[in-house]
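Participant:
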Amino acid sequence: MATDQYRSPTLISAPITWLGATVRQSVGEMVWAIGFAFALLRQSAVLLLRRQIASPVLVSQIYFTGVEALPILGVISLSIGAAVVLQGVSMFPQFGQGELTYKILILVITRELGPLLTALILAARSGSAITTELGNMVVDHEIEAYQAVGINPISHLAVPRLIGVTVAMVFLNLYFNLFGLFGSCLIGSLIHGIPLGEYLGNLVLVISLEDVIVAGVKSIFFGVILGTVATYFGFQVDRAVTEVPQKTIKSLGASMTLCVLASTVISILFELR
Amino acid sequence: MQIALQNVNVDLGAQFSLKDINLVFEPGMMTLVLGPSGSGVSALLKTAAGLKTPSAGHVLYDGKDYGALNDQEKPQLQTRTGFMFQDAALWANLSIGANLELPLQAKFPRLGKGPRRQMVADGLAQFGVDLDLQKRPVDLSLGEQKFISFLRAVIPEPEALFLDEPVSWLDQRWTDSIMTKLEALRTRGVVIVLGSHNSHFPQDRADRLVILDQGQVTATGSSKEISWSLGLTHSPLSPSGGGVGDETVEPQ
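These protein sequences, in sequence, are chains A and B. Following the numbering used here, the numbering of the first sequence begins with 1 at its first residue and continues without gaps. Following the numbering used here, the numbering of the second sequence begins with 1001 at its first residue and continues without gaps.
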């Protein structure tokens, strides 16, 4: 009897206690993350206005994120552009909607898949690299060493990375568009014998200013998300080197999820406009 | 600069923490904090240097509460102190030259590249160090890294200097160089706080010893006072000395 009396409340209270602790921890982490994001964005704005960005860090970040990603992004964008035009040219004319190929191409390459795929590739390449690098710096006390000499690690390490990733994201998205449309153009003229002039003329006819603005807005938002999430999880490493891969995986998952959500929200907002 | 720790508690997770620390570090005083591994020596130094936030209590710099300073004031204060980390903690992606120049850049933002490099060259020449400044930390031995870490802390001429295990991995020549430099800094009124787990550390050179055990100060005083208080003929931390004592020479 006494045992039953002891067990009953434990069986009920244990999951509630666990749930409460989990919710409290999650809310605490979320508040901390939002605080970090605001501090980082505020610091970025201040340092940009004052032109006090640590330029060596910024330049190396743009080089690593932007320049070194060109080959892989080129191959992917060419392939996507080619795939869209192959499917579109063989399918739409059957329904008497041949001109839809160009609209779909712009929709896929410029508005939706271009920015998103570029962001996902950058999250996998640069986002994870930033988290790993900062995490290792925490473990090796390098971040504390910056604080010890009076250098704010957010200003010196996170801000240039955020700006570097955002700048690289915008230019890589442009590059993705050019290569994607060029790839579709190449396949269109090689396989289906569409004249180059006609092809490009049709593309120019269907592309609108709104398509370009949507792509630009998305790439800026994705860049900010990638930079913020990667640096946040890097600084989240506490003391053990085993935390570095764990935080890197979390950083990658969070970046991808937030980019997909942001992409959907931006698309909806432009559709509702 | 005077640094005071008032009723400081630091929560360092489940393993250990600092409890009710009350210490004052005066200008021109060399204090050696001694304690076995895990006793909180590094944590005490980092808390006093403003690198760890106390869960309770205050760290005062010339009477000003460090915790009450804003985001601009904290880094400015940090440029007036120097910290040598136990594991060197050099910036791995920077050259040795850049490692030594960056603290100067932070402390003297208007100082040009030329004078900065001259200060680094002077600092190296003072110790007779001849190193290729283009090398990365990974190209150096642990001892060399440690010495560069010491130079990084000392070259900007700090008003307070915190050195965690300053002579580990160093040969006798560099140990002597460091101790001689510390003597010179002490006479110039620099606050010097050394931390060590090693009972063979030259304790007689320090003005005051602080014995730390399980995050608590168990004794303070000169090496002789502590030995006498504990009824020891040996160093308070030497194996034959019986370990860290329970008595306190100066009540905390």
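Note that CB positions come from ideal geometry on N, CA and C, so glycine has one too. Owing to the predicted nature of the structure, the values given are computational and were not obtained by experimental measurement.
Determine the closest residue to B:ARG1208 out of B:LEU1005, B:LYS1019, B:ASN1007 and B:VAL1033, with distance taken between C-alpha atoms.
Facilitator: With distances taken between Cα atoms, B:ARG1208 lies closest to B:VAL1033.
Participant: Give every residue of the same chain whose Cβ lies closer than 7 Å to the Cβ of A:LYS250, excluding the five residues on either side of it in the sequence, and list them in chain order.
Facilitator: PHE233, listed in sequence order.
Participant: Report yes if the C-beta of A:ILE207 is less than 7 Å from at least one heavy atom of the ligand NAP; otherwise report no.
Facilitator: Within the structure as shown, the ligand NAP is missing, as the structure has no ligands at all.
Participant: Helix, strand or coil: which one does DSSP assign to B:PHE1127?
Facilitator: Here B:PHE1127 sits in coil by DSSP.
Participant: Taking C-beta pairs closer than 9 Å, name the residues in chain B that A:ILE53 reaches, listed in chain order.
Facilitator: Near A:ILE53 there are no residues of chain B at all, since even the closest Cβ is about 14 Å away, more than 9 Å.
Participant: By the 7 Å beta-carbon criterion, what residues does the stretch 134-160 of chain A contribute toward chain B?
Facilitator: So the close ones are ASP140, HIS141, GLU142, GLU144, ALA145, GLN147, ALA148, VAL149, GLY150, ILE151 and ASN152.
Participant: Answer with yes or no whether the minimum CB distance from B:ASP1087 to chain A is below 8 Å.
Facilitator: Output row for B:ASP1087: interface = yes.
Participant: Can you tell me whether B:GLN1072 is buried or exposed, with buried defined as 16 or more other CB within 10 angstroms of its CB?
Facilitator: Looking at its Cβ environment, which holds fewer than 16 other Cβ atoms inside 10 Å, B:GLN1072 is exposed.
Participant: Let me know the alpha helix (DSSP H) ranges lying completely inside the stretch 108-184 of chain A, each 4 residues or longer, listed in chain order.
Facilitator: Counting only runs of 4 or more, we get 114-122, 128-139 and 142-148.
Participant: Quick one: Cα of B:ALA1056 to Cα of A:VAL217, how far?
Facilitator: Going by the C-alpha atoms only, they are around 46 Å apart.
Participant: According to the neighbour-count rule (16 or more other Cβ atoms, all chains shown, within 10 Å of its Cβ), is A:THR10 buried or exposed?
Facilitator: A:THR10 is exposed by the Cβ-count criterion.
Participant: Could you give the DSSP three-state label for B:ASP1020: helix, strand or coil?
Facilitator: Residue state, collapsed to three classes: strand.
Participant: Under 8 Å between the Cβ atoms of A:LEU224 and A:THR166?
Facilitator: For the record, residue 224 of chain A in the displayed sequence is Val; it is not Leu. Contact flag set, yes.
Participant: Opposite B:ASP1011 in the DSSP bridges: which residues?
Facilitator: Partner(s): B:SER1017.
Participant: Give the list of continuous alpha helix (DSSP H) stretches no shorter than 4 residues that lie fully inside the stretch 231-258 of chain A.
Facilitator: Within the stretch 231-258 of chain A, no complete alpha helix (DSSP H) run reaches 4 residues.
Participant: Interface residues of chain A around B:THR1079 at Cβ under 8 Å?
Facilitator: Chain A residues near B:THR1079: VAL149 and GLY150.
Participant: By a C-beta neighbour count over all protein chains shown, 10 Å radius and 16 as the cutoff for buried, is B:ALA1125 buried or exposed?
Facilitator: Under this definition B:ALA1125 is an exposed residue.
Participant: Confirm, please, whether the CB-CB distance from A:ILE109 to A:ILE72 is below 8 Å.
Facilitator: It is not a contact, given that the beta carbons lie outside the stated cut-off.
Participant: Would you call B:ARG1116 buried or exposed, if buried means 16 or more other Cβ atoms sit within 10 Å of its Cβ?
Facilitator: The residue is buried, with at least 16 neighbouring Cβ atoms inside 10 Å.
Participant: Which chain A residues sit within Cβ distance under 7 Å of B:TRP1091?
Facilitator: Going along chain A in sequence order, the residues near B:TRP1091 (Cβ under 7 Å) are GLU142 and ALA145.
Participant: Please return the same chain residues whose Cβ sits closer than 8 Å to the Cβ of A:LEU86, not counting the five positions on each side in sequence.
Facilitator: Excluding sequence neighbours, A:LEU86 sits near ILE187 and ILE191.
Participant: When the Cβ atoms of the stretch 1202-1217 of chain B are set against those of the stretch 1049-1067 of chain B, are three or more pairs found closer than 8 Å?
Facilitator: They do not touch, by the three-pair rule.
Participant: Leaving out five residues on either side along the sequence, give the residues of the same chain with a beta carbon under 6 Å from the beta carbon of A:THR102.
Facilitator: A quick correction: the sequence has Tyr, not Thr, at residue 102 of chain A. Within the same chain, A:TYR102 has close Cβ partners ASN202, LEU203 and VAL206.
Participant: Bridge partners for B:GLN1076 per DSSP, in chain order?
Facilitator: Beta-bridge pairing links B:GLN1076 to no other residue.
Participant: Does the CB of B:GLN1076 have a neighbour CB from chain A at under 8 Å?
Facilitator: Chain A, which has a Cβ nearer than 8 Å to the Cβ of B:GLN1076, makes this yes.
Participant: Compare the beta carbon distance of B:ASP1171 and B:PHE1085 with 8 Å and say whether it is the shorter of the two.
Facilitator: No. Outside cutoff.
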